[in-house]
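Peer 1:
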Amino acid sequence: MNIEFQERPIDRQAALFFCRGVQDADGEVLRTVLSLLSQAVGNGDSCLELASIAGAEVTLSAERRVMLPEYDELCHLLQNLPTVGIPGEYCPIVIDSTGRLYLFRYWQYEHLLARKVLDSVSSMTDGLDEKRLQEGLERLFPQVAEAAENRQRLAAEIALRRKLCIISGGPGTGKSSTVIRILALIIEQPEGDLHRIAIAAPTGKAAARLQSSVSTMRAELAVSNETRAAIPATAMTIHRLLGTRRGSNRFRHDKTNPLPYDTVVVDEASMIDLPLMSALFSALAPGTRVILLGDRDQLASVEAGAVLGDICQAAEDDPTSPLASSVVELNRNYRFDSGSGIAALSRAVNAGDDREALRLLGDQTNDTIALEPTPKRETIKKRLAVPVLQGFRPCLEAETPEEALRLFDRFRILCALREGPWGAAGVNNAVETLLHEAGLIRTDTQFYRGRPVLITENDYTHKLFNGDTGIILNDPATGNLRAFFAASDGTVRAIPPEFLPKHETAFAMTIHKSQGSEFDRVLMVLPPKDNTLLTKELIYTGITRAKQSVTIWSDESVFSAAVKRRTERRSGLREMLKFTGT
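Under numbering that gives the first Met the number 0, the sequence shown has 396 at position 397, and the numbering climbs by one with no breaks.
(1) Taking C-beta to C-beta, are P231 and I198 nearer than 8 Å?
(2) In this structure, how does DSSP classify Q22 when only helix, strand and coil are distinguished?
(3) The alpha helix (DSSP H) that contains E134, what's its start and end?
(4) What three-state label does DSSP hand T468 in the structure shown?
(5) Looking at C-alpha atoms only, which residue of R251, P259, A299 is the closest neighbour of A278?
(6) By the three-class DSSP mapping on this structure, what secondary structure does T226 have?
(7) Thinking C-alpha only, which one of V93, V557, G41, V549 is nearest A343?
(8) Between the segment 352-361 and the segment 377-384, do three or more beta carbon pairs fall short of 8 Å?
(9) Assuming contact is defined by CB atoms lying nearer than 8 Å, are F506 and P420 in contact in what I supplied?
(10) Identify which residue in V264, F518, L67, E431 has its Cα closest to the Cα of L413.
(11) What are the boundary residues of the beta strand (DSSP E) that includes T378?
(12) Which ranges does the beta strand (DSSP E) cover as unbroken runs of at least 3 residues, wholly within the segment 12-66, from first to last along the chain?
(13) Report the partner residues of T262 according to the DSSP bridge assignment.
(14) On the three-state DSSP scale, how would you describe R245?
(15) For N349, is the classification buried or exposed, using 16 other Cβ atoms within 10 angstroms of its Cβ as the cut-off for buried?
(16) Quick one: complete alpha helix (DSSP H) runs, 4+ long, within the segment 446-512?
(17) Identify which residue in Q514, V178, I237 has its Cα closest to the Cα of L220.
(18) With V562 and L525 assumed to form a contact (beta carbons below 8 Å), what rounded beta-carbon distance in angstroms separates them?
(19) Just tell me which of R331, A476, T373 has its CA closest to the CA of E398.
(20) Quick one: measure Cβ to Cβ for L153 and L127, integer angstroms, because I've assumed they're closer than 8 Å.
(21) Can you give the Cα-Cα distance for T442 and T262, rounded to whole angstroms?
(22) On the DSSP letters alone, give me the boundaries of the alpha helix (DSSP H) that L275 sits inside.
(23) Please state whether the Cβ-Cβ distance between P496 and L472 is less than 8 Å.
(24) Taking just the CA atoms, how far does V65 sit from F410?
(25) What residues are listed by DSSP as bridge partners for A545?
(26) Straight-line CA distance for S96 to G242?
(27) May I have a chain-ordered list of the alpha helix (DSSP H) segments no shorter than 4 residues that lie completely inside the segment 293-343?
(28) Considering just the uninterrupted stretch of the beta strand (DSSP E) at C414, what are its terminal residues?
(29) Helix, strand or coil: which one does DSSP assign to Y101?
(30) Let me check understanding here. Comparing Cα to Cα, which of M508, A415, A313, L29 lies closest to D467?
(31) If you run the structure through DSSP and keep just helix, strand and coil, what is C90?
(32) Ordered along the chain, which non-local residues of its own chain (more than five positions away) have a Cβ less than 6 Å from that of R520?
(33) Provide the residue span of the beta strand (DSSP E) that contains E371, from first to last.
(34) Buried or exposed, going by whether 16 or more other CB atoms sit within 10 Å of the CB of M575?
(35) With three or more C-beta pairs closer than 8 Å as the rule, is the segment 127-141 touching the segment 181-192?
(36) Ignore the nearest five residues each way along the sequence and tell me which others in Y302's own chain have a CB closer than 6 Å to its CB.
This is the structure:
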C-alpha cells in the first residue's frame, strides 16, 4: 500500500516537536506517523487509526519515501516515545488499546463528551405530573393514522422523561415545531414557569432562523397565554451561551461555573465540532436536560469530529442501550409533498442511489430540480448571466437593509470547492463582473454598496461569528456605508466595514459554509472533474438548502461518483459511547 502524503509545514513542525531528541533510524518513521496524525486532525478526523497505515510506504516527495513497519512494531515504537502515553496518562500524544493515535486534547474531548452523554442518557426526569403530560401530548400531538406522525410525539415524551434527547431529521420534518411543543410541555409541568430554558445554534444565522421559527410557531400553539409567554423569545449562538473570553479559546461557563439553565436546546447539531460539543456538555450543571436537533445525514462539522453522526450511529449499533432510547429519527416531510422533486432527489442522494438521482434530474416534467453540464472555464460568466441577474437584482435594488437581507436569501450559488474557476472564489469574481457590467454594483473599492460578506472567523468584540452573513449598504440615517447583519432578535444591526473581522464575498459560498441556511432557489456548482471532496453528504447538504428549486451544474459521471462516495471521519467516540471504561 502506498500513501501519497502532501505534508504541510505545520504537520512537519508538530512531528519534529513531538519527536525531539530521537536521532536513531526509527526517528523518521515516528516523525512521519505523527505528521500524518497532525494532518488527520486538520482534515476533520479526531484520531489516526494505526491499522490503516501500518506496513504502508509513505511518499512525501519524489526523493523521500518512508516505509512504515507492520502494526505491532509500529505500536511498540510509538509506545517507547516519551511524548506518547496511554489513556489516563498526561502525555501530548495518546495511543489507546484499539490502536487509535490521538493528540491528547482530542482524546480528552471524546472521553469527556462520551462520559457526559452516557451520564445524561442514564438519568430520568423526576417528579413528572403524568396526568398533565398525557393531556398535553394528546393536545399538542394528536393521534393520527400515519405512524410517522407519532415520531414527533415519541420525541416529545422522550424529551420530557430523559435528560438527553436527540431529534434527527432532514429539512421539513418538523424538528423545530416539535421542540416548541416540547418546551410548552415542560412549562406546563408543576413549577414549569420557573424552569430556566436556553435555545441556541452554532452560528448567528442559524440562531436567527431558530428564533424566527420559535416566534412564529409559539403564537399558534394550543396552550395558555402564560405558557406561551414563558417560551423563550430569543435564541443565541453556542459561543454566546457559553460566554466567550476575549483573547482565549476557553469559555466563561465550564464544569466549575456551569450554565444556569434547567433545559438547553441546541439546533443544527450536525455543525457542532468535537471541541465545541465537549465544551457545551462540560458546562452543563448536573441534571440539566439537553435536546439536540439536527440532520445526521448532513455534512459533518468543518472542524474535527462528526459528533451528531457518531452519537446516532452508536445508538443504532446497540438498539437495547439507553442511548438508543434517547434518539428519535423524524422521517415524514411537511415542507414538500410526496411528489416533490427536491424531497425525492435528496432521498436518492442520501441513499447513495446515483441512478435514481439521475433519473429524477432527467424528468422534464419536474421544474423544481435540474441537472445541467458544468460550463467550461471560458463560458462560466456567460452561463451565470441569467441566474445571477434574476437572483440578485431584487436584493441590490432594495430600498432598506431589512428588505435587502430578506431578498438576498431568495437565491444563492453554492460551490463544492473553495478555489478555482468553479469554486466559490472564482464564481464570486465572475458574479461581481456581471453585476458591475449591469450597473448594479461598483467594484472599484473593497467595501462597495451591495457587497454581501460572509464572516470566516469569530469576533467576540463585535459579536460576529464564523458563518454570519451580511450586506454592505448605505445607512438610511447617515448615508455612510455600513455592513448590515440580521440579529437573532429579528432586528438589523450595522457595523462599520473597517471593523469587520476576516470575511469574504458571498454571492457564492461553499456548501460547507451554507449549513444552517435556507434559500428559495439554489444553483449548485460542481467541478468538471471528479474530486475526493465530492461526497453524497456534500451533495445532500447542498440540495436540502433549497426550499423551492435547485439546479445542479455537473457532468453526469462526476455527479454519480460523488453520490456513491461517503464522507468518513475517523474517531473513537462511537466506541467510547459503548464502553464507559475506555
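For each residue, glycine too, the CB sits at the ideal point set by N, CA and C.
Peer 2: The short version:
(1) The answer is yes: Cβ separation under 8 Å.
(2) Correct three-state label for Q22: coil.
(3) 129-139 is the span of the alpha helix (DSSP H), which, as asked, contains E134.
(4) Three-state result, T468: strand.
(5) The residue with the shortest Cα to Cα distance from A278 is R251.
(6) If DSSP states are grouped into helix, strand and coil, T226 belongs with the helices.
(7) Nearest of V93, V557, G41, V549 to A343, Cα basis: V549.
(8) No, the segment 352-361 does not touch the segment 377-384.
(9) Not a contact, by the Cβ cut-off of 8 Å.
(10) Among V264, F518, L67, E431, the Cα nearest to that of L413 belongs to F518.
(11) Per DSSP, T378 lies in no beta strand (DSSP E) and is assigned neither H nor E.
(12) Counting only runs that start and end inside the segment 12-66, the beta strand (DSSP E) elements of at least 3 residues fall at 56-58, 64-66.
(13) For T262, which the question treats as bridged, DSSP gives the partners I196, R288.
(14) In the three-state reduction of the DSSP assignment, R245 falls in the coil class.
(15) That one is buried.
(16) Those alpha helix (DSSP H) runs which fall completely within the segment 446-512 and span 4+ residues do not exist here.
(17) From the listed residues Q514, V178, I237, the smallest Cα separation to L220 is found for V178.
(18) The C-beta separation of V562 from L525 comes to about 11 Å, leaving the pair out of contact by the 8 Å criterion.
(19) Just measuring C-alpha positions, the residue of R331, A476, T373 sitting nearest E398 is A476.
(20) With a Cβ gap of about 16 Å, L153 and L127 do not count as contacting.
(21) About 48 Å.
(22) Run containing L275: 273-281, per the alpha helix (DSSP H) assignment.
(23) Going by C-beta atoms, P496 is not nearer than 8 Å to L472.
(24) Cα-Cα distance, rounded: 49 Å.
(25) For A545, which the question treats as bridged, DSSP gives the partners F518.
(26) Approximately 36 Å, taken between the alpha carbons.
(27) For the segment 293-343, the continuous alpha helix (DSSP H) assignments of 4+ residues that do not extend past its boundaries occur at 306-316, in sequence order.
(28) For C414, the enclosing beta strand (DSSP E) starts and ends at 410-414.
(29) Strand.
(30) Closest option to D467, Cα to Cα, is M508.
(31) DSSP places C90 in coil when its eight states are reduced to three.
(32) Excluding positions up to five away in sequence, the list reads F410, Q547, S548.
(33) In this chain, the beta strand (DSSP E) harbouring E371 covers 368-371.
(34) Counting Cβ neighbours within 10 Å, M575 comes out buried, since at least 16 surround it.
(35) Short answer: they touch.
(36) For the sequence presented, residue 302 should be read as Glu rather than Tyr. Within the same chain, and ignoring the five residues on either side of E302 in sequence, the residues whose Cβ sits closer than 6 Å to its Cβ are D272.
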